[in-house]
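Undergrad: Sharing a structure below in structure tokens format, with a few things to ask.
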RNA sequence: GGCCCAGUAGUUCAGUCGGUUUAGAACGCCAGCCUGUCACGCUGGAGGUCGAGGGUUCGAGUCCCUUCUGGGUCGCCA
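Quick look at the structure:
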């Protein structure tokens, strides 16, 4: 009986330093190149790949055994590290200067032929990758993504630990609260007819931890929202959740800038300049048509409502008269880039984004080409061109809408579309931006009442507090979002810690005192016992990792993500359960 | 819930105007040969519910309807 083999080295880290050493490797067979009288095997483990040579003149037994192995077999190889002859060096792999002469081979486990090749840059349907996720994760890129995610979390914990934060866990089985996203519900066996909800975030618990005197809390925590999926949205996702006592907006922002700087520098080795730029919500909407502007390129929107009002173009003047907005974008030097047909495509795009239409002016060297020019006097047209900072060669695009927000958001989306289409985006950039001074409240047409834009515990700005009842929509919140390259990666606020303000807030939201206590009583009760001023932030960790890695989908940095139907193709969850289980839960399925 | 894209061999795809025989190619797989490959090479071979159901037609991978799955997006996501 041969003695049991013990792994001594990793494949991918072997170098000339190891020449002459007797080593034992364990890993997966990447490829076997069988020359009849000589067999090469690329052996792969987490660290990388190394070439193993099976030569009957070196060891016949190992050579014979190597005839049996196939791709993805798990094997153990004992052998000697040798220098490759100069002409056989492979510069494409890190271990290309050496190879391992095998004198013993053991097959630890065979493998079926994988349904797709285990290598990078494969073009294979994502659903197949998800079904065989364990094979997909063997691919170097995926392994790198998972490892990078680990590094991000490590850097976060390192920074927060150094700054006096305690990681505290909060319940996954909690109660459903109104407002916000749809909850995932868990039926209670012991309490028939009642349900837990999985947390949308640890929001209320972290505030209670502030009442509890924790002062500095964080948690890397799974959160759940039963809403439709997107490339950057999963029903279960990971938050970095932070809360601090005795702080105001600037304290939270300053700490988080240092945190982000630390994380990016530790993981990517890229230096990050702080403080980040700050932009008021109002400016973000006016200039970019979104509360998460991508500032990696220009094409800012220009206000032309006042000029539009004076024109004979009814679409413009009537939108302006109705209290709406007319906004324009100057696509510099694009007059020749867009044919009439391509401009029509832009019009269609704008409509997809909700605009009623898209007006355009081609300012070429031969003059103005535009279906709307005839509605403008020469003087007014010149005023418009001047406002738009237009020069010959520019393409001007305008959206008008009686609903000012729709004018902003539709043109804002068109701006993003143009940025991508014209390749204006510097993919290597990391543009961090704080969006601040969010409105506290938003009018909800469906519910016919104001709803909290952030959540009902967000503090109004002190200078706006007086308008809470008289002019709710003008009240700004002590809320802030961290935006990276046009994606919201974090958001938070200073919370209300005064009972009277909280009661006024609930009142504006249309909650009776009874209903507020019914839903949030545990929090309101806690607030009666000495609540420190506090505030915090929550990051979408998956998104942050996605953006730092330059991925297109959050799924590529989550080990086991779900599909657009919120299904796991590997486990085939969700799935029916036994009638007995339902009975125990007092649940009846209604078809 | 709306809109858009895709679905043909294990994989990635081609398949013209609805009709040329048994639906092709590459890679992978299987067998044989091969001592310096690393996208090894050479020879041969197997492999198909054209996502599913219905319809139009003398005839459907191809046209129509429904549906399922995957992806993108709007709504939604405090």
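Numbering (this note's numbering), first residue to last: 20 to 610. Note that the Cβ used here is the ideal one computed from N, Cα and C, for glycine as well. As the structure is a prediction and not an experimental result, all values here were calculated from the model.
(1) From the DSSP output, in three-state form, read off residue 144 for me.
(2) Classify residue 349: buried if its beta carbon has 16 or more other beta carbons within 10 angstroms, exposed otherwise.
(3) In the DSSP assignment, what are the bridge partners of residue 264?
(4) Could you tell me the boundaries of the beta strand (DSSP E) in which residue 537 lies?
(5) DSSP state of residue 330, grouped into three classes?
(6) For residue 206, does the three-state DSSP call read helix, strand or coil?
(7) Just curious, the alpha helix (DSSP H) that residue 175 is in, first and last residue?
(8) Please check the pair residue 137 and residue 158, which I expect to be a contact at CB under 8 Å, by giving their CB distance rounded to whole angstroms.
(9) Quick check: the stretch 440 to 451 against the stretch 386 to 404, are at least 3 beta-carbon pairs closer than 8 Å?
(10) If I measure Cβ to Cβ from residue 143 and keep anything under 7 Å in the same chain, skipping five residues before and after, which residues do I get?
(11) Taking Cβ to Cβ, would you say residue 244 is nearer than 9 Å to residue 219?
(12) Thinking residue 450 and residue 503 are a contact (beta carbons under 8 Å), I'd like their distance in whole angstroms, please.
(13) Helix, strand or coil for residue 304, going by three-state DSSP, please let me know.
(14) Are the CB atoms of residue 434 and residue 320 nearer to each other than 9 Å?
(15) DSSP state of residue 132, grouped into three classes?
(16) Taking only the alpha-carbon atoms, compute the straight-line gap between residue 590 and residue 242 and give it to the nearest angstrom.
(17) Taking all protein chains shown into account, do 16 or more other C-beta atoms lie within 10 angstroms of the C-beta of residue 132, making it buried, or fewer, making it exposed?
(18) Which whole-angstrom value describes the C-beta separation of residue 268 and residue 499, a residue pair presumed to lie in contact below a C-beta threshold of 8 Å?
(19) Among 579, 596, 525 and 166, which one has its Cα closest to the Cα of residue 149?
(20) By DSSP, does residue 649 sit in helix, in strand, or in coil?
(21) Following the continuous beta strand (DSSP E) through residue 512, name the residue where it begins and the one where it ends.
(22) Inspect the CB distances between the stretch 34 to 42 and the stretch 111 to 119 and report whether three or more fall short of 8 Å.
(23) For residue 528 and residue 470, I'd like the C-alpha separation in whole angstroms.
(24) Kindly indicate which three-state DSSP category residue 497 falls into: helix, strand or coil?
(25) With a threshold of 8 Å, are at least 3 pairs of Cβ atoms found where one atom belongs to the stretch 409 to 425 and the other to the stretch 367 to 376?
(26) Going by DSSP, what residues sit across from residue 68 in a beta bridge?
(27) On the three-pair Cβ rule with 8 Å, is the stretch 471 to 485 touching the stretch 520 to 527?
(28) If residue 96 and residue 554 are in contact, beta carbons under 8 Å, what's the gap, nearest whole angstrom?
(29) I think residue 49 touches residue 59, with their Cβ atoms under 8 Å apart; what is that distance to the nearest whole Å?
(30) Just to confirm the assignment, what range does the beta strand (DSSP E) spanning residue 215 have?
(31) Considering only residues of the same chain and omitting the five flanking positions on each side of residue 615, which have a CB-CB separation below 6 Å?
(32) Whose CA, out of 304, 362, 182 and 411, lies closest to the CA of residue 351?
(33) For residue 291 and residue 190, I'd like the C-alpha separation in whole angstroms.
(34) Is the beta carbon of residue 57 closer than 9 Å to that of residue 98?
(35) I'd like the list of long-range same chain contacts for residue 197, defined as Cβ closer than 7 Å, with 5 residues on each side in sequence excluded.
(36) Using three-state DSSP, classify residue 249 as helix, strand or coil.
TA: On the basis of the data shown:
(1) coil
(2) buried
(3) 553
(4) From DSSP, residue 537 is part of no beta strand (DSSP E) but of the alpha helix (DSSP H) over 532 to 546.
(5) coil
(6) strand
(7) 159 to 181
(8) 6 Å
(9) no
(10) 135
(11) yes
(12) 7 Å
(13) helix
(14) yes
(15) coil
(16) 20 Å
(17) exposed
(18) 6 Å
(19) 579
(20) This structure cannot speak to residue 649, because the chain is shown only from 20 to 610.
(21) 506 to 513
(22) yes
(23) 6 Å
(24) coil
(25) yes
(26) 63
(27) yes
(28) About 57 Å; that fails the 8 Å criterion.
(29) So it is not a contact: roughly 11 Å between Cβ atoms.
(30) 214 to 216
(31) Here the chain has residues from 20 to 610 only, and residue 615 is not among them.
(32) 411
(33) 35 Å
(34) no
(35) 538
(36) strand
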